[in-house]
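According to UniProt numbering, the residues represented by the sequence shown are 1 to 544, in order.
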Amino acid sequence: MMFGNEVAVVPIFVNAGAALLPAMAAGLATFVALLFKPKALLAACRRKPAIPLALLSISIAVGALIYFWPAPQASTGKRGSSTQATTSTGAVPVYIDWTEVALARIKAKANGQLQTREVPTDLAPATPTAATQAVIFRGDALRRGAVGAAPTIGLTEQWAYYPHWVDDDGSIETVDTAMMLSSPAVFGNRVYAASCELDPPDSYGIVFCVDALTGETIWSVDQIDGEELMGFFSSPALTEDGRYLLIGQGLHPDTNCRLICIDTQTGEVHWTVQSELHIESSPAIEDGVVYVGAGAIEDPATHKPISHTGYVMAVRIDDGEVLWEHDVADPESSPVVEDGVLYIGSGFNGKAVVALRTAVELDGQDRQLWSTPTPYPITGAVTKKDDIIYVGGGNGDFVFRDPNPAGVVMALNAKDGSVKWTAEMPDAVLGAVAADRYLVAPVAAGKIVALDPNNGKPVWSTALSGQAPILAGAAVADDQVFGVSHDGYLVRLDLNDGSVLEKVYINAKTRPGEQGLSISSPMIYEGRLYVGSETGGLRCYVGQ
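Structure below.
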């Protein structure tokens with residue numbers, strides 16, 4: 001086998017709540033930090049007064065405790081004659097900056113009003129051009145993540161953007177702790193994306209639109225009806241005319257999430273549809289209807305659902321009316337829909353690829369056209385080229401790695417679901433498989449693999465950053481492949497042989513990604529490359 005001996009990287013997660021004293025100390029440090037940021041302190045007191053008051057109370061209590069604590073008996077017998085500094089030496093390091101967490105938590109709801117920004121007057125208006133089809137995750141059903149030419153060699157950062165939220169007084173705060181887990185969509189001179197700011201056990205998100213050339217904000221949405229948005233894993237989709245943006249809400253543990261429709265001309269929410277589950281699936285669009293999967297809430301230890309097992313829903317875009325729902329086990333996958341048939345993967349507890357008829361009236365036919373079992377959960381996006389469906393899967397996901405990793409890429413007949421071929425992989429294939437001259441598959445073991453689409457045989461395999469996992473789909477354009485490793489490297493490869501042509505670090509150099517969450521897939525649009533990162537915001541690169 002050309003993959004050689006692979007090593008599974010098993011991340012270890014710790015509970016931040018176990019380190020009680022360091023957390024208390026960090027809380028005091030947060031209060032001190034706020035004292036040097038009067039604007040943030042005033043915002044904290046006004047919007048969530050309980051938090052700064054609690055910190056102040058803790059500081060007073062701790063100060064009193066220190067003052068009245070019996071001191072060791074010194075020779076003089078006077079209190080305070082002997083001092084001793086104490087440090088906590090047994091605390092387990094965790095990847096959480098408590099100052100940043102506190103500042104994130106004191107963001108308030110804006111009295112039920114949606115927070116948007118008008119198009120800046122000094123920017124040329126965006127000029128979307130008519131599309132032949134809707135813009136979905138990775139561009140279209142081929143999942144190549146490219147429209148037009150790739151940037152030339154010598155990638156240079158043109159701009160980096162961090163999302164904003166708007167305070168009660170109209171001031172704009174930059175959220176430089178926000179991560180870009182999902183992938184951007186481009187339409188004309190606009191880039192649309194969504195962020196995720198982790199604050200365990202909660203998360204916060206912002207959907208935003210920026211000028212594709214300058215990175216200037218056109219609008220952003222951080223609340224709906226006064227309620228802050230949850231973090232986003234789902235990637236935005238756009239209708240054929242670019243008028244509406246559709247995106248799912250929530251991360252894997254989240255419940256009661258929304259499918260959100262935003263008017264791209266105004267940045268105002270057009271409608272939302274509530275689900276008791278989360279929507280990590282990225283929407284597909286056909287004939288004025290949006291389709292998306294609502295995934296199961298699972299027990300982390302057993303992967304068994306603790307409530308509804310999951311379903312696919314169809315919603316009319318004009319008015320947000322739910323046209324139908326159909327149960328599918330854990331449909332976290334991003335579907336593709338063509339000619340009245342929707343194809344989607346079934347994840348944990350399902351392990352299948354499912355085809356559904358999309359018509360509202362079925363005239364006595366079953367909603368399910370076919371279902372093909374797979375050896376592993378299929379949680380990645382479905383790719384379609386001609387009459388063949390390509391999917392990737394495996395026994396791990398974006399958070400948990402199996403100690404005995406295994407994965408697969410499969411080709412199925414779109415008409416009846418029969419398996420054309422199966423290619424075993426050394427680990428899960430979670431990102432979208434791009435269909436070009438070769439199939440380009442991101443393997444969690446840390447390699448981009450090119451496969452012959454006729455038989456699934458490997459053509460080449462290239463590591464991007466040592467053994468760092470690859471969880472994002474690759475972009476393919478002009479016989480070049482652009483992949484992202486989870487530790488934050490954007491790597492350009494030659495599609496012919498997999499040789500490395502260029503390598504760029506996309507996280508902030510002063511804040512390297514520590515959580516391995518550079519999982520946004522790059523998007524190429526007319527000579528520019530747009531990609532999200534863990535600590536570097538949304539970035540635009542051009543060639544020299």
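Backbone N, C-alpha and C define an ideal beta-carbon position, used for all residues, glycine too.
Assigned secondary structure, residue i (DSSP; H/G/I helix, E/B strand, else coil)
i	result
Val14	Only weak support exists for where Val14 lies, its pLDDT of 34 falling under 50; the value from the coordinates is given anyway. In the structure shown, Val14 sits in coil (DSSP, three-state: anything other than H, G, I, E or B).
Thr383	strand
Arg401	coil
Phe31	The predicted position of Phe31 is uncertain, since its pLDDT is 42 and thus under 50; a value taken from the coordinates is nonetheless stated next. Looking at Phe31 - three-state DSSP - the assignment turns out to be helix.
Val119	Summary for Val119: the model assigns pLDDT 36, below 50, so the residue's position carries little reliability, and this model does not support an answer.
Phe348	coil
Tyr525	strand
Val413	Note that residue 413 is Asn in the sequence shown here, rather than Val. Here Asn413 sits in strand by DSSP.
Ala329	coil
Gly139	strand
Ala108	Its pLDDT being 32, under 50, Ala108 is placed unreliably in this model, and the value from its coordinates should be taken loosely. Note: Ala108 maps to coil in three-state DSSP.
Gly248	strand
Pro305	strand
Arg511	coil
Pro458	strand
His278	strand
Val360	coil
residue 561	Here the chain has residues from 1 to 544 only, and residue 561 is not among them.
Leu342	strand
Ile224	strand
Ala435	strand
residue 616	Shown here, the chain extends from 1 to 544; a query on residue 616 therefore has no answer.
Val408	strand
Val429	coil
Ala149	coil
The beta strand (DSSP E) enclosing residue i, as first and last residue numbers
i	result
Glu321	Where Glu321 is concerned, there is no enclosing beta strand (DSSP E), given that its DSSP letter is neither H nor E.
Glu173	172-174
Glu298	No beta strand (DSSP E) contains Glu298, which DSSP labels as neither H nor E.
Arg357	352-357
Ala160	156-161
Thr217	217-221
Val210	207-211
Val336	336-338
Glu286	284-286
Met230	Note, Met230: premise wrong, no beta strand (DSSP E); not H, not E.
Met180	First-last for Met180: undefined, no H or E at that position.
Leu529	528-532
Cys540	538-542
Ala423	419-425
residue 558	In this structure the chain extends from 1 to 544, so residue 558 is not present and cannot be described.
Pro373	368-373
Arg190	190-194
His270	268-275
Tyr376	Counting along the chain, Tyr376 falls outside any beta strand (DSSP E), and DSSP gives it neither H nor E.
Val443	439-443
Glu197	197-199
Leu259	257-263
Ala450	447-451
Expected contact under 8 angstroms - CB spacing of residue i and residue j to nearest Å
i	j	result
Glu157	Arg539	6 angstroms
Val135	Phe187	6 angstroms
Pro163	Ala178	5 angstroms
Asp387	Lys415	6 angstroms
Val531	Val484	7 angstroms
Glu526	Gly148	4 angstroms
Pair within 9 angstroms by beta-carbon distance, residue i and residue j
i	j	result
Val328	Leu356	yes
Gly205	Gln249	yes
Leu245	Leu238	yes
Glu280	Gly295	yes
Ile247	Val273	no
Val476	Ala146	yes
Asp159	Gly215	Checking the sequence shown, residue 159 turns out to be Trp, not Asp. Yes; because the gap between Cβ atoms is below 9 angstroms, this pair is in contact.
Leu471	Leu430	yes
Thr383	Val433	yes
Gly393	Thr372	no
Ser533	Gly473	no
Identity of the residues DSSP links to residue i by a beta bridge
i	result
Leu471	Its beta-bridge partners do not exist; DSSP assigns none.
Glu502	Arg492
Val186	Val191
His486	According to DSSP, which records beta bridges pairwise, His486 is partnered with nothing at all.
Asp202	Asp199
Ala477	Gln480
Val290	Ile285, Val315
residue 545	Past the edges of the chain, shown from 1 to 544, lies residue 545, and the structure says nothing about it.
Gly310	Gly295
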